[in-house]
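Chemist:
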Amino acid sequence: MKRQLLVTAALPYANGHIHLGHLVEYLQTDIWVRFQKFRGHRAIYLCADDTHGTAIMIRARQEGRSEEALIADMREHHVRDFAGFDIEFDNYGSTNSPENRRLCGEIWASLRKAGLVVERDVVQLYDVQAGTFLADRFVKGTCPYCGLINQYGDSCDNGHTYSPADLKDPVSTLSGTTPEVRRAPHLFIELEQLHAFLADWIGADDHLQSEVANYLNGHFLGEPLKDWDVSRPAPYFGFEIPDAPGNFWYVWFDAPIGYMASLAEWCVNFGEKFDQWWPKSAADGKSDGKNNDSREIHHFIGKDIQYFHCLFWPGMLKTAGYRLPTKVHIHGFLTVDGEKMAKSKGTFVRAATYLKHLNPSYLRYYYAAKLGPRLEDLDLNLDEFVTKINSDLVGKVVNLASRTAKFVEVTGLSAKYPDDGGLFAGAAAEAEAIAAAYEACDFNQAMRRIMALADRANAYVDQNAPWQLRKDPTQASRMQDVCSVSLNLFRQLAVYLAPVLPRLAAQTGQLLGRPIAHWDEAQSPLCGTPVAKFEHMLTRVEKTQVTEMIEESKEQAPAAVATTPGMPGATPQTSAPAAENADSGAALAAEPLAAQITIDDFTKVDLRVARVVAAEDVAEAKKLLKLTLSLGGDTQRTVFAGIKEAYKPEQLVGRLVVMVANLAPRQMKFGLSEGMVVATGPGGKEVYLLTPDSGAVPGQRVL
RNA sequence: GGCGACGUAGCUCAGUUGGUUAGAGCAAUGGCUUCAUAAGCCAUGUGUCGGCGGUUCGAAUCCGCCCGUCGCUACCA
2 MKRQLLVTAA LPYANGHIHL GHLVEYLQTD IWVRFQKFRG HRAIYLCADD THGTAIMIRA
62 RQEGRSEEAL IADMREHHVR DFAGFDIEFD NYGSTNSPEN RRLCGEIWAS LRKAGLVVER
122 DVVQLYDVQA GTFLADRFVK GTCPYCGLIN QYGDSCDNGH TYSPADLKDP VSTLSGTTPE
182 VRRAPHLFIE LEQLHAFLAD WIGADDHLQS EVANYLNGHF LGEPLKDWDV SRPAPYFGFE
242 IPDAPGNFWY VWFDAPIGYM ASLAEWCVNF GEKFDQWWPK SAADGKSDGK NNDSREIHHF
302 IGKDIQYFHC LFWPGMLKTA GYRLPTKVHI HGFLTVDGEK MAKSKGTFVR AATYLKHLNP
362 SYLRYYYAAK LGPRLEDLDL NLDEFVTKIN SDLVGKVVNL ASRTAKFVEV TGLSAKYPDD
422 GGLFAGAAAE AEAIAAAYEA CDFNQAMRRI MALADRANAY VDQNAPWQLR KDPTQASRMQ
482 DVCSVSLNLF RQLAVYLAPV LPRLAAQTGQ LLGRPIAHWD EAQSPLCGTP VAKFEHMLTR
542 VEKTQVTEMI EESKEQAPAA VATTPGMPGA TPQTSAPAAE NADSGAALAA EPLAAQITID
602 DFTKVDLRVA RVVAAEDVAE AKKLLKLTLS LGGDTQRTVF AGIKEAYKPE QLVGRLVVMV
662 ANLAPRQMKF GLSEGMVVAT GPGGKEVYLL TPDSGAVPGQ RVL
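Its first residue numbered 2, the first sequence is counted upward by one per residue in the working numbering.
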């Protein structure tokens, strides 16, 4: 049966550049779609830039240009990066499009009609000077419960949560002014009304990987679903809600609808009908994805945005009467050499930087060789990357052509396919198993099977030694036969690898005078056709190329920090830690200066030099060390400091630190903390204690 | 602390509806070959399948507990 597949990858946010982490998803999806097309199904690969939201608005302001100019610029970068990796979208749209506005309106209307929308006031801080409401992370102030200063608008570092309106001494990080408390109506979707439906959908028909269904059941469906705040008061870069003037749809509302908008655009461009691809559900309302026709909808996303795609999105589609996704395929994050990508280590590599140093086919193959159907993180091991490309692609696959093609440049392939001991037939018989692996997104299994075939083919060449036959003119036809077998086995591999390595498929078509256009071409050998002059198809990777790429990524780090944590459309690692190794504006940009204070304000904080006289691990705590600090004489303080990941207790004993000595004591699970030590850094392993220069003694005040 | 995933050769991983001596690739070692992008072929080794206990005629595979790693979450910073 010929299937019709609508396939999407998550929409990259227009606030950051594409990097190797994103590419896991776009390549995984590209390979899958190419595979489907190659098998003769109708498939389209849709994507778009995700363009709305506060982060874009603020950044555009900072850069002194319009949001439209900003997103147009980023779009250009994204499109170029994707093309550089042979990622072939059928349509690349934007959430800031008329189609999207229209579809948002339509879906919104059905949510209204279904009685899912409720209005409720939200108390928020308003920056009069900037003329905008402040999201929690744009406000800083003092915790109303514990007096901790410099805290975000929703919760303090001591774990108290509160409304931003309760924050003491609030300051807008946008303007440095004191914001006003304003009340604004927000619109919420009562997702709980769809609870039963969602629980059913999540558990049914293989819509989700089992581990995902499991996670959602455990984390969300066990209790009532919370209302979803989908509106933002002006100003906001997005679409104004037609029946709620002055309010805009929250970016996560219009982002997934962007899939549909991209489809709509594609339909216009190619004269297709929208509802042929994204049909309305049956009249009985059973939009459960298991419709009896051959139309399928597949979303590929990262594990960070499961929540939106597996709860809100099905809920919206269901309510609007659209067909639900056939499957949401969820992948893990990328690590490099076993660790989270880090700008400081140069492992946060932009797509464009990679392309300066390395061939995109390498990454396509490497990811394919590592990707499985499950939600697992994928490790890019740089040494393995080099050996795998060289040994698999160059040593095994391409070598098959390069070691035999030139022997038959003159004669072409044998007129009749020779006896190869069943090798070609055997490899042809693998087609379905390999296809099944691709279909299941088990690319690593597909690659393993293909490489096993490559091994057999190389053994054949070795046993039949065409270079020996060549020396004996009476063996000319035998030699041609052997090379014909070898090249046909090679071509078979190129067919199987075509979804992953489209360039290799094209080159093979060139070499053997016949384009590779369909999966089934692995079923029958070429005979009696000419062979072109062999040209190198893929060069070996040198470790130095990889090293240079990493080095350049280190240098580039400061410029690449613009991404905003946790924003919509986020594919993996858009929320990677900010760079902190260079004197760029990154750290400052990540945390703008607090409002001005007077010297009196400052002297309220009594900072003192203290010596660590004892430090012990708090075994049950993940982050805490228990420090005993001496302020000189008999005065000692116990402080629990969240520096466990960064320091070992024995490293600390004896050293001087700076502590906040007049901080209100705080009862913690493990004891009373009587102050805090001063440190900087983003947290986790990257915490840096402050130390006075030598000469300072405990008890001295820091001013 | 809670939830989840994972833990198989030096490395990356495959393998579980329970069934004979546990696999692949890479790396390593020895040999062969020299057509090929210092490519290829053959041979070889290694594993208490994280640990303990249970179910079973039989467990890497099922169950329980424990340990470790990672993620989310809580507490906390």
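Using N, Cα and C, we set each Cβ at its ideal position, and we do this for glycine too.
For my contact list, K344 and A370 are in at a C-beta cut-off of 8 Å; report their separation, rounded to the angstrom.
Modeler: K344 to A370, Cβ: 26 Å. No contact.
Chemist: Give the C-beta separation of L512 and A533 to the nearest angstrom, bearing in mind that I take them to be a contact with Cβ-Cβ under 8 Å.
Modeler: Indeed they touch by this definition, with Cβ atoms about 5 Å apart.
Chemist: Start and end of the beta strand (DSSP E) containing Y127?
Modeler: Unbroken beta strand (DSSP E) run through Y127: V118 to D128.
Chemist: Contact between the stretch 349-357 and the stretch 460-468 is defined here as three or more beta-carbon pairs at a separation below 8 Å; is this criterion met?
Modeler: Segments in contact, no.
Chemist: What does the Cβ neighbour count give for E617, buried or exposed, with the cut at 16 atoms within 10 Å?
Modeler: Exposed, since its Cβ has fewer than 16 Cβ neighbours within 10 Å.
Chemist: In angstroms with no decimal places, state the Cα-to-Cα distance between K304 and C311.
Modeler: If you take the alpha carbons of K304 and C311, they lie about 11 Å apart.
Chemist: Say whether the stretch 188-195 touches the stretch 225-233, bearing in mind that this needs 3 or more beta-carbon pairs closer than 8 Å, one atom from each stretch.
Modeler: Cβ pair count under 8 Å is three or more, so yes.
Chemist: Over what stretch of residues does the beta strand (DSSP E) that includes W250 continue unbroken?
Modeler: Where W250 is concerned, the enclosing beta strand (DSSP E) stretches over N248 to W250.
Chemist: In whole angstroms, what is the alpha-carbon distance linking A499 and L690?
Modeler: The straight-line gap from Cα to Cα measures roughly 53 Å.
Chemist: Cα-Cα, which of R60, V679 and Y46 is closest to E89?
Modeler: Nearest of R60, V679 and Y46 to E89, Cα basis: Y46.
Chemist: For R702, which residues in the same chain have their Cβ closer than 7 Å to its Cβ, ignoring the five residues on either side in sequence?
Modeler: So the qualifying residues of the chain are D607, L608 and R609.
Chemist: Would you mind stating whether A1 and P666 have Cβ atoms separated by less than 8 Å?
Modeler: An answer regarding residue 1 cannot be provided, because it is not within the stretch 2 to 704 covered by the chain.
Chemist: Drop a sphere of 10 angstroms on the beta-carbon of S362, count the other beta-carbons inside from all chains shown, and report buried for 16 or more, exposed for fewer.
Modeler: Counting Cβ neighbours within 10 Å, S362 comes out buried, since at least 16 surround it.
Chemist: Taking the C-alpha atoms as reference points, what is the distance between K114 and K38?
Modeler: One C-alpha to the other measures close to 39 Å.
Chemist: Here's the rule I'm using: 16 or more other beta-carbon atoms within 10 Å means buried, otherwise exposed. How should F603 be labelled?
Modeler: With fewer than 16 other Cβ atoms within 10 Å, it is exposed.
Chemist: Which full runs of the alpha helix (DSSP H) of 4+ residues lie inside the stretch 370-400, going along the chain?
Modeler: Entirely contained in the stretch 370-400, the alpha helix (DSSP H) runs reaching 4 residues are, in chain order, 383-389.
Chemist: Buried or exposed, going by whether 16 or more other CB atoms sit within 10 Å of the CB of V124?
Modeler: Exposed, because fewer than 16 other Cβ atoms sit within 10 Å of the Cβ of V124.
Chemist: Suppose only complete runs of 3+ residues qualify. What are the beta strand (DSSP E) ranges in the stretch 646-670, listed by chain order?
Modeler: Runs of the beta strand (DSSP E) inside the stretch 646-670: 657-661 and 667-669.
Chemist: Starting from H310, follow the alpha helix (DSSP H) in both directions and report where the run begins and ends.
Modeler: Neither: H310 is in no alpha helix (DSSP H) and is coded neither H nor E.
Chemist: As an exercise, report each continuous alpha helix (DSSP H) stretch of at least 4 residues that is fully enclosed by the stretch 219-273, in chain order.
Modeler: Counting only runs of 4 or more, we get 252-271.
Chemist: Going by other Cβ atoms of all chains shown within 10 Å of its Cβ, with 16 needed for buried, is P474 buried or exposed?
Modeler: It counts as exposed.
Chemist: Output the distance between the C-alpha atoms of V252 and A61, rounded to the nearest integer angstrom.
Modeler: Taking the straight line joining both Cα atoms gives about 16 Å.
Chemist: Bridge partners of E543, per DSSP?
Modeler: Looking at the DSSP assignment, E543 forms no beta bridge with any residue, so it has no partner.
Chemist: Would DSSP call V501 helix, strand or coil?
Modeler: Note: V501 maps to coil in three-state DSSP.
Chemist: Tell me which residues share the same chain as L414 and place their Cβ nearer than 7 Å to its Cβ, disregarding the 5 neighbours each side in the sequence.
Modeler: If we look at L414 and ignore the five residues flanking it on each side, its Cβ neighbours are S485, L488, L527, C528, G529, T530 and V532.
Chemist: Rounded to whole angstroms, what is the Cα-Cα separation between A429 and I451?
Modeler: Roughly 11 Å between the two C-alpha positions.
Chemist: Between the C-alpha atoms of Q346 and K274, what's the straight-line distance to the nearest angstrom?
Modeler: In the sequence as presented, Gln is not what sits at residue 346; that position holds Lys. If you take the alpha carbons of K346 and K274, they lie about 48 Å apart.
Chemist: For E26, which residues in the same chain have their Cβ closer than 8 Å to its Cβ, ignoring the five residues on either side in sequence?
Modeler: If we look at E26 and ignore the five residues flanking it on each side, its Cβ neighbours are A10, A11, F301, I302, G303, H332, T572 and P573.
Chemist: With DSSP as the reference, label R296 as helix, strand or coil.
Modeler: Strand.
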